[in-house]
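Q:
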Amino acid sequence: MDLQGISREQKEMGAAVCMLLFIISLFLKWQSFGPISGSGADLGSWPLVLIIALVAGGIVAADGLRMEIPLRRMNPTSLATYLMSLLVFYVIVFIFAIDGLSYGVWLALIFSVIGLVLTFSVYRQDTR
């Protein structure tokens, strides 16, 4: 897929939607052992992940809607790219640490990677 044909605003809004879907996937089943299952919200660190996803999604949505973001010393897309990379890392660590993975963790991985790719392509446009 060629990301050059997609406008900057479409990439940013797509990344914001991916963060919203990532947040929804936190409440889906991430692991299951027979009749026992657990969601991403059953983990102890899920509020931190929720805040990171909200901030990253909010930054790219605000930038996509051309709202003024009060970050003086930092490019907003670089901050959003960094935060989304933390989410990808979080999901990958969970995948390697836990047995009995279910569909929610795979959806979280897909949405976080797509959001990261879209935001990284916007960041690359900004640095040129």
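Here the sequence shown stands for residues 16 to 143, numbered as in our numbering. Glycine included, every Cβ here is placed at the ideal spot set by N, Cα and C. As the structure is a prediction and not an experimental result, all values here were calculated from the model.
Cα-Cα, which of S47, Q19, L65, T134 is closest to L41?
A: Residue numbering aside, residue 41 sits at position 26 when the sequence shown is read from its first letter. For the residues S47, Q19, L65, T134, the minimum Cα distance to L41 belongs to L65.
Q: Give the straight-line distance between the Cα atoms of V106 and G49, rounded to the nearest whole angstrom.
A: Position 91 of the sequence shown, counting from 1, holds the residue named residue 106. Position 34 of the sequence shown, counting from 1, holds the residue named residue 49. Distance between the alpha carbons of V106 and G49: 22 Å.
Q: Bridge partners of L116, per DSSP?
A: Locating residue 116 in the sequence shown gives position 101, where the first residue counts as 1. In DSSP, L116 forms a bridge with Q46.
Q: Provide the residue span of the beta strand (DSSP E) that contains Y21, from first to last.
A: Taking the first residue of the sequence shown as position 1, residue 21 is located at position 6. Looking at the sequence itself, residue 21 is Ile, so the reference to Tyr does not match. Counting along the chain, I21 falls outside any beta strand (DSSP E), and DSSP gives it neither H nor E.
Q: At what residue ranges does the region 47–81 contain a whole run of the alpha helix (DSSP H), taking only runs of 4 or more?
A: You should have 61–79.
Q: Just to confirm my understanding: we take G79, look at its own chain, exclude 5 residues before and 5 after, and list those with CB closer than 6 Å. What are they?
A: Counting from 1 along the sequence shown, the entry for residue 79 is found at position 64. For G79, where only same-chain residues beyond five positions count, the Cβ hits under 6 Å are E24, E27, M28.
Q: If we count the other Cβ atoms within 10 Å of its Cβ and call it buried at 16 or more, is Q140 buried or exposed?
A: Taking the first residue of the sequence shown as 1, we reach residue 140 at position 125. Its Cβ having fewer than 16 others within 10 Å, Q140 is exposed.
Q: Put R147 into one of helix, strand or coil per three-state DSSP.
A: Past the boundaries of the shown model lies residue 147; the chain is included only from 16 to 143, so the question cannot be answered.
Q: Is the CB-CB distance between G72 and G119 below 9 Å?
A: Taking the first residue of the sequence shown as position 1, residue 72 is located at position 57. Taking the first residue of the sequence shown as position 1, residue 119 is located at position 104. No, the pair does not count as a contact, with Cβ atoms beyond the cut-off.
Q: Determine the burial state of I74: buried for a count of at least 16 other Cβ atoms within 10 Å of its Cβ, exposed for fewer.
A: Within the sequence shown, numbered from 1, the residue matching residue 74 stands at position 59. By the neighbour-count rule (16 or more Cβ atoms within 10 Å), I74 is buried.
Q: Is it true that the CB of M89 sits closer than 9 Å to the CB of S127?
A: The sequence position of residue 127 within the sequence shown is 112, counting from 1. The sequence position of residue 89 within the sequence shown is 74, counting from 1. Taking 9 Å as the Cβ cut-off, S127 and M89 do not qualify as a contacting pair.
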